[in-house]
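For the sequence shown, my numbering assigns the number 3 to the initial residue and increments by one for each residue that follows. The beta carbon of each residue, even a glycine, is placed where N, CA and C say it ideally should be.
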Amino acid sequence: MDPDRLCKHSGSYNVARTPQILPVGRNVERRAQHGTRGIIINSKNFMNQNNNKRTPDNPMGEEPKKKNRFSIYWIYGLIGLTILGVNVFRGVKPAGVETDQQKFYRMVTEGDIEKIKTIRNKKLVRVFVNADSLKNKSTMYHELLADSQEKDKYERAVKSNQPQLFFSIIDDKTFATQMADFYKSNPTVRQVPDSPDDEGEFFSQAGKTARQVGYLTKGAMRVCFYGVNGEEFTRCFMEENRFAVDYNSFLNELPCAEYVEALTDCEMLVFEKPDFTELANTIPDWSPIITKIMAAAMMRKVSEAHQMLSEDATARYLTFLEKNPGLANRIPLSILASYLGITQSSLSRIRKNL
Numbered sequence: 003m004d005p006d007r008l009c010k011h012s013g014s015y016n017v018a019r020t021p022q023i024l025p026v027g028r029n030v031e032r033r034a035q036h037g038t039r040g041i042i043i044n045s046k047n048f049m050n051q052n053n054n055k056r057t058p059d060n061p062m063g064e065e066p067k068k069k070n071r072f073s074i075y076w077i078y079g080l081i082g083l084t085i086l087g088v089n090v091f092r093g094v095k096p097a098g099v100e101t102d103q104q105k106f107y108r109m110v111t112e113g114d115i116e117k118i119k120t121i122r123n124k125k126l127v128r129v130f131v132n133a134d135s136l137k138n139k140s141t142m143y144h145e146l147l148a149d150s151q152e153k154d155k156y157e158r159a160v161k162s163n164q165p166q167l168f169f170s171i172i173d174d175k176t177f178a179t180q181m182a183d184f185y186k187s188n189p190t191v192r193q194v195p196d197s198p199d200d201e202g203e204f205f206s207q208a209g210k211t212a213r214q215v216g217y218l219t220k221g222a223m224r225v226c227f228y229g230v231n232g233e234e235f236t237r238c239f240m241e242e243n244r245f246a247v248d249y250n251s252f253l254n255e256l257p258c259a260e261y262v263e264a265l266t267d268c269e270m271l272v273f274e275k276p277d278f279t280e281l282a283n284t285i286p287d288w289s290p291i292i293t294k295i296m297a298a299a300m301m302r303k304v305s306e307a308h309q310m311l312s313e314d315a316t317a318r319y320l321t322f323l324e325k326n327p328g329l330a331n332r333i334p335l336s337i338l339a340s341y342l343g344i345t346q347s348s349l350s351r352i353r354k355n356l
């Protein structure tokens, strides 16, 4: 691998040298994007720029003293310098606005629903609203789809073939039973077609060795695990500009203890162990940078663990909102509840009382 070459990317195709992460489901795309044109960067000049020209900030033309300053932009440069291709991990898109099952029943009764998709591994249902209902009941759906961060969400929903709504369920079997009872009690209501599926959105999986490191450039992810009875626990969240890896598994080739899962559509810079090793051999002070990143992650873990033990549920929720502004609007309530260590109904009561 030539560390002096940074590729510009267009188009996409599979790269054989990139090991395939085995996802759950079928919807995870792992692609490497390459272009025919490249940008040549000299690694020595990139890392050790000799600023011997006279400038307003350097009138004598002397080389300034070098400081080891950790910066997220430096990390971008380091990764870009050593990776020939960008592997893009795409999870499931945040499809629609969260609603509840009772509102869904009313919409089914009124004939507003075209179809649904039960997502078994996420314990939620994605709802596709009829285009005619969206237009004929524009006031209601404009209000239902209102989003302070996306002012044109209703307009895009009318034109899109993506699900506009979703809601959480106990599990797919329970939901199927509930729907059967609903149709039995409402025999004149048209039955809405359902296409149950799993969403492939695991970047790495428990029990399998992590072979790649991801650097999250877009989206939100979580680290989670499952109990002996199938209950899920969310340990932490990751947003943009964070590394996503079970470092112990990646470094020592041990099975991962937890899952790294995409909660929204995610784009990541993904590279393999040889690339990661070459960073340490090529880039000055790379090892101290990684040490700082790992230390910061450990401090966050200790801080979050202390918060979980010392605060009640309401305080934990308020602390989460303070430390993660906007994240609550990007993830399902069931996922947030599993992080806070409470049920979804308890979280709903907390939100209602605030």
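Taking residue i and residue j to be in contact with their CB atoms under 8 Å, please state how far apart those CB atoms are, rounded to whole angstroms.
i: Ala253; j: Ile333; result: Inspection of the sequence shows that residue 253 is occupied by Leu rather than by Ala. Not quite, the Cβ-Cβ distance comes to about 29 Å (not below 8 Å), so this is no contact.
i: Phe227; j: Phe239; result: That pair is no contact at about 14 Å.
i: Cys268; j: Leu218; result: 6 Å
i: Phe205; j: Met181; result: Not a contact, Cβ separation roughly 32 Å.
i: Pro165; j: Arg128; result: 4 Å
i: Asp277; j: Ala259; result: That pair is no contact at about 24 Å.
i: Val194; j: Lys117; result: 6 Å
i: Val191; j: Val110; result: 6 Å
i: Phe177; j: Thr120; result: 6 Å
i: Tyr261; j: Gln346; result: Their Cβ separation, rounded to whole angstroms, is 20 Å, which puts Tyr261 and Gln346 out of contact at 8 Å.
i: Met270; j: Ala246; result: 7 Å
i: Ser289; j: Ala282; result: 6 Å
Under the DSSP definition of a beta bridge, which residues are partnered with residue i?
i: Asp277; result: Bridge partners of Asp277: none, in fact.
i: Asp380; result: Because the chain in this structure spans residues 3 to 356, residue 380 falls outside the shown range and cannot be described.
i: Gln214; result: Glu274
i: Cys268; result: According to DSSP, Cys268 bridges with nothing at all.
i: Glu100; result: Phe168
i: Pro257; result: Thr211
i: Ala246; result: Gly216
i: Met240; result: Met223
i: Tyr228; result: Glu234
i: Glu263; result: Phe204 and Arg224
i: Arg128; result: Lys119 and Phe168
Using CA atoms only, rank isn't needed, just tell me which of the options is closest to residue i.
i: Ala315; options: Ala330, Ser348, Asp287 and Met300; result: Ser348
i: Ile344; options: Gly328, Arg244, Asn326 and Arg318; result: Arg318
i: Gly98; options: Asp154, Lys303, Ala259 and Glu233; result: Asp154
i: Leu335; options: Glu255, Thr321 and Ile352; result: Ile352
i: Phe168; options: Lys105, Pro189 and Val225; result: Lys105
i: Leu256; options: Ala298, Phe278, Gly113 and Lys210; result: Lys210
i: Lys220; options: Glu241, Leu320 and Ser350; result: Glu241
i: Thr101; options: Asn355, Asn331 and Leu356; result: Asn331
i: Ile337; options: Asn243, Ile285, Val131 and Arg237; result: Arg237
i: Lys175; options: Pro189, Arg158, Asp196 and Asn355; result: Asp196
i: Gly113; options: Leu271, Ser350, Ala299 and Asn188; result: Asn188
i: Asn170; options: Leu356, Ser340 and Asn355; result: Note that residue 170 corresponds to Ser in the displayed sequence, not to Asn. Measuring from the Cα of Ser170, the nearest candidate turns out to be Ser340.
i: Ser442; options: Glu263, Gly229, Lys275 and Glu233; result: With the chain running from 3 to 356 in the structure shown, residue 442 is simply not present.
i: Asn326; options: Ile291, Glu313 and Glu306; result: Glu306
i: Asn355; options: Glu324, Leu320 and Leu146; result: Leu320
i: Ile295; options: Arg244, Ala148 and Met142; result: Arg244
i: Asn163; options: Phe130, Thr293 and Lys186; result: Phe130
i: Ser312; options: Leu342, Pro286 and Thr279; result: Leu342
i: Val160; options: Asp173, His144 and Ile172; result: His144
i: Arg302; options: Asp173, Thr284, Phe322 and Glu263; result: Phe322
Using beta carbons (cut-off 9 Å, strictly below), is residue i in contact with chain D?
i: Arg224; result: Judged by its chain identifiers, the structure shown contains no chain D, having just a single protein chain.
Examine the ligand HEM and report whether any of its heavy atoms sits within less than 8 Å of the Cβ of residue i.
i: Arg244; result: Summarising the ligand content, the structure contains no ligands, and the ligand HEM is consequently not present.
Give a yes or no on contact between the stretch 129 to 139 and the stretch 213 to 220, applying the rule of three or more CB pairs nearer than 8 Å.
The stretch 129 to 139 vs the stretch 213 to 220: no contact.
Any contact of the stretch 181 to 200 with the stretch 121 to 128, i.e. 3+ C-beta pairs under 8 Å?
yes
Note down, one range per segment and in chain order, each alpha helix (DSSP H) of at least 4 residues found wholly within the stretch 285 to 330.
288 to 312 and 315 to 325
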